[in-house]
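Have a look at the structure below before the remarks.
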Amino acid sequence: MARILDEPRYVCALGSSQTVQAIHRAVPVFHSGPGCASRVAGNGSGTGYLATNTFPCSNIGETEVVFGGEGKLRDIIANSLKVIDGDLFVVLSGCTTEIVGDDIERIVGEFRDAEKPVIAVSTPGFKGTNYEGHEWVMDAIVKQYLARLPKREKIKGLVNIWGPVPSHDPYWLGDLRELENLVRELGLTPNIIFGEHRGMENLDRVPQAEFNLLVSPWIGLGNVELLEKTFGTPYLHYPVLPIGARESSAFLRAVAGFAGLDMDAVEALITRHEREYYYYIERSVSIFFENRTASKMFSTVSTASRALALARFLVNDFGLMPNKQYITENVPPEHQERIAGYFRDFNYGIKAEVVFSTDGYLIHRQIEEEYYAGPPLIAGSIFEKQIAKKLSGNFVCVSAPFQQKVVLHSSYAGYHGGLKFLEDLYTGVYQTYN
Ligand code: SF4
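Mapping to the numbering used here: the sequence shown position 113 is 114, numbers consecutive.
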C-alpha cells in the first residue's frame, strides 16, 4: 500500500551536488531533467564560486527519454569544459537518465585526456539520499581522481578531517573549522577539502596524510575504509562531534593518543580550554538553573551526527536527562544498532532510546505522548517548532530544514561551540517566556 512520508529532512542523492560545490572550483554537471536541478538548487547551498542555479545540466526531456541522452551529456561536458573555469568536473546522474540506461561512465571516459579531470557518480534519487550520495561522490573522487595522481610521499602530522556533510547541515562549515582548530592546537596539520580556498590543493594532498580522522557516526565510514585500502592510510573513527568541555577534551585525548603525541602537552592544552570554558559557565549558572521555565528532559530530532553530539553534551556536560532521540536521515540498517549503542554510553550509566524514523508525523505523535517532567526541550528542525510550542516547551533549531536564523560561520563544535549552543538555547527560552 502506498505510504505518505510527512516532512522528510533530506533530499535525493542528486543533492550530493552540494558536496561537489563545497570543493572550491569543483563543478557539478547534472545529467538529469531541469526539474531535478532546480529542486536541488533550491536547497539552500547559496552561491559561491559557482551558484546552484548556474550548474551545467543536460536538460533531459521527452526526446532523450525515448532515444537516450548520451549525446546531450557529451555536449554538456564538452561545453562546460570550454566555458567554466573549474578544476574538477563531476557528472551526477538523475533518475531519468539512469532509467533510460545512458552509459554515463563510457561518455565520461571519452574525456579522460581533457585538460581538467572529469569523473562520474551515479546519484539517482531512487538509490538513496543526499547523505548516501555524499559518500558516493567521495568514493568516486578517490577512485577516479586521487588514485590516478602520481604517488607522493606521506607528510608526517598531516591529518585529513572528514565528518560534517557540506551545506545540508547549517553548521557544517563552522564545525569543520572548529575541528580544524582543535587538531591544529595539538600540533598536527589539519587537511580539509571543503570550504573557502581549500579546494584542489588540499584534495591533492589527501593521499599524503598520516591518518584520516572521521568525526561522524556513520557517514564517511566507507570513504575512510576506501582511503585505507587505496593509499594505506590508517583512520581514526571518532563518532561524536564534540560539543562542550567534556566531549572536546575527550576528543583531544583520543586524537592525540592515536597520533602518539606527548600527553603532558595535551593535558596542559585541555586545562587551558577548560578553565576558560567553566569560567563562562560559572558566570551564567544563575541563568541556567534559576530559570523555572527551563527544561529537565530533552529530545533531539536530527541526523545521527547532530543528535548524538547534542545528546552527549546535554547529558554529560549540562546534566539534562534524555527522552527519546529521533534520527531522521534514513540511516542504512547495517549502521543502526551501532549508532543506538552510542546512545547507551552516557555518563553515570544514563541511556537514551533511539528511534530511527523519517516521518515527521509519527515523530511528533510520539513526542506528544512522552513524559518530560515539565516543559520539554526539543532540538530539531523548523518542523519541530510547532510541536514544542503546543507542549509549552523550549525549542532550538539545529538541523535542516532550518529557516530559523542565518548561520554564516558559527559552530556548535568544540569548547566555544558548547557555549554558543547554550547562548542560543537560553536566548530561545527568554524569548519564549519574557
Ligand atoms: S528523485 Fe530523481 S527525479 Fe526526483 S529530483 Fe532526485 S534525481 Fe530528480
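Here a beta-carbon is modelled for each residue, glycine too, at the ideal position from N, C-alpha and C.
The ligand SF4 has no heavy atom closer than 7 Å to the beta-carbon of residue 398. DSSP places residue 27 in the uninterrupted beta strand (DSSP E) bounded by 27-32. When distances are taken from the beta-carbon of residue 10 to the heavy atoms of the ligand SF4, even the shortest one reaches 7 Å or more. In the structure shown, residue 414 falls within a coil segment according to DSSP collapsed to helix, strand and coil.
For residue 190, the secondary structure class from DSSP, reduced to helix, strand or coil, is strand.
For residue 169, the secondary structure class from DSSP, reduced to helix, strand or coil, is coil. In this structure, the alpha-carbon of residue 167 lies about 29 Å from that of residue 76. Taking a C-beta distance under 8 Å as the contact criterion, residue 129 and residue 23 do not qualify as a contact pair.
Here residue 98 is buried: its Cβ has 16 or more other Cβ atoms, across all protein chains shown, within 10 Å. In this structure, residue 163 sits away from residue 237, with a CB-CB distance that is not shorter than 8 Å. Taking 7 Å as the cut-off, one finds at least one heavy atom of the ligand SF4 near enough to the beta carbon of residue 125. Of the heavy atoms belonging to the ligand SF4, none sits nearer than 7 Å to the Cβ of residue 412. Bounds of the beta strand (DSSP E) holding residue 212 are 212-216.
Residue burial is scored here from C-beta neighbours: residue 148 has fewer than 16 other C-beta atoms within 10 angstroms and is therefore classed as exposed.
In the three-state scheme derived from DSSP, where H, G and I count as helix and E and B as strand, residue 301 is classed as strand.
For residue 208, the three-state secondary structure derived from DSSP is helix. In this structure, residue 21 sits near residue 91, with a CB-CB distance shorter than 8 Å. With respect to the C-alpha of residue 120, the residue from 27, 33, 154 having the closest C-alpha is 27. The DSSP assignment places complete beta strand (DSSP E) segments of no fewer than 3 residues inside the stretch 127-174 at 159-163, in order along the chain. In this structure, residue 62 has its CB at a distance of at least 7 Å from all heavy atoms of the ligand SF4.
Beta-carbon to beta-carbon, residue 16 and residue 134 are separated by about 6 Å, close enough to satisfy the 8 Å threshold. Judged by DSSP in its simplified three-state form, residue 115 adopts coil rather than helix or strand.
For residue 348, DSSP records no beta bridge to any residue.
Counting along the chain, the unbroken alpha helix (DSSP H) around residue 336 starts and ends at 334-343.
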